[in-house]
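J.: Counted from 1, the sequence shown has number 84 at position 82 by our numbering; the numbering is strictly sequential.
From the three backbone atoms N, C-alpha and C, an ideal C-beta is built for every residue, glycine too.
Everything numeric in this text was worked out from a predicted model, so none of it was measured.
Below you'll find the structure I mean.
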Amino acid sequence: MTAADICAGLAAVKHNGAERLLLLKYAGFEGERDRLKRVLLVKLSDWSRKRKPPRPGFLTDLALLAIHETVDPHRCKACQGAAFRNNRVCPACEGTGTNRRPDYPAILDVTRMQWLLWRLTYNRLVAMLIAWEGHGMGRISEALKRK
3 MTAADICAGL
13 AAVKHNGAER
23 LLLLKYAGFE
33 GERDRLKRVL
43 LVKLSDWSRK
53 RKPPRPGFLT
63 DLALLAIHET
73 VDPHRCKACQ
83 GAAFRNNRVC
93 PACEGTGTNR
103 RPDYPAILDV
113 TRMQWLLWRL
123 TYNRLVAMLI
133 AWEGHGMGRI
143 SEALKRK
């Protein structure tokens, strides 16, 4: 499936989050990352009204991490999968370009206990993105079959 197929089929999606995710992941429109982040922040603020984030900017970082792992699963965030950073082997992934087991507390700059309190929210966020992707791809597939 090409970026042009994704764009052509998006008229059938009619879901803001799914549309943003598909444009980012499959058509490579990086500008959609920020728009998708804003959609997720609205969801996160609804879900976490009763709980104070552990630090300023935490919800934004949580949303961006969920997007990163949905769009580029297991790709090293530090070197973007290149295995090198500043002409040296990337220290974060030790030159593999991937993250086998991300250290979420370190990535999000929180304690392990704080991560445990927010892990379910993060998992819910990723599950929602995966559902949006499935919904959007199903719609695009239907639209392309009719084409």
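Quick check on the DSSP output: the alpha helix (DSSP H) that includes residue 26 runs from which residue to which?
T.: Start and end: 18-27.
J.: Is there contact between the segment 76-92 and the segment 34-49, where contact requires at least three CB pairs shorter than 8 Å?
T.: Because the criterion of three Cβ pairs below 8 Å is not met, the segment 76-92 and the segment 34-49 do not touch.
J.: Return no unless some Cβ of chain B is closer than 8 Å to the Cβ of residue 106.
T.: Going by chain labels, chain B is absent from the structure shown, which holds only one protein chain.
J.: Quick check on the DSSP output: what are the complete alpha helix (DSSP H) runs of length 4 or more inside the segment 98-138, in order along the chain?
T.: Listed in chain order, the complete alpha helix (DSSP H) runs (minimum 4 residues) inside the segment 98-138 are 106-110.
J.: By a C-beta neighbour count over all protein chains shown, 10 Å radius and 16 as the cutoff for buried, is residue 138 buried or exposed?
T.: Burial call: buried.
J.: For residue 37, which of helix, strand or coil comes out of DSSP?
T.: It is helical.
J.: For the alpha helix (DSSP H) that contains residue 96, what are its first and last residues?
T.: Looking at the DSSP string, residue 96 is not in any alpha helix (DSSP H), and its letter there is neither H nor E.
J.: Straight-line CA distance for residue 45 to residue 115?
T.: About 23 Å.
J.: For residue 119, count neighbouring Cβ atoms within 10 angstroms of its own Cβ and tell me buried if that reaches 16, exposed if not.
T.: Burial call: exposed.
J.: Below 8 Å on the Cβ atoms is my contact criterion, and I expect residue 69 with residue 43 to pass it. Report the Cβ-Cβ distance as a whole number of Å.
T.: At roughly 11 Å, the Cβ-Cβ gap does not stay under 8 Å, so residue 69 and residue 43 are not in contact.
J.: Per DSSP, what kind of secondary structure is residue 86 in: helix, strand or coil?
T.: Residue 86 falls in the strand class under three-state DSSP.
J.: DSSP state of residue 141, grouped into three classes?
T.: Three-state DSSP puts residue 141 in a helix.
J.: Thinking C-beta only, is residue 72 closer than 8 Å to residue 142?
T.: Result no, Cβ atoms of residue 142 and residue 72 do not sit closer than 8 Å.
J.: Kindly indicate which three-state DSSP category residue 57 falls into: helix, strand or coil?
T.: Residue 57: coil per DSSP, three-state reduction.
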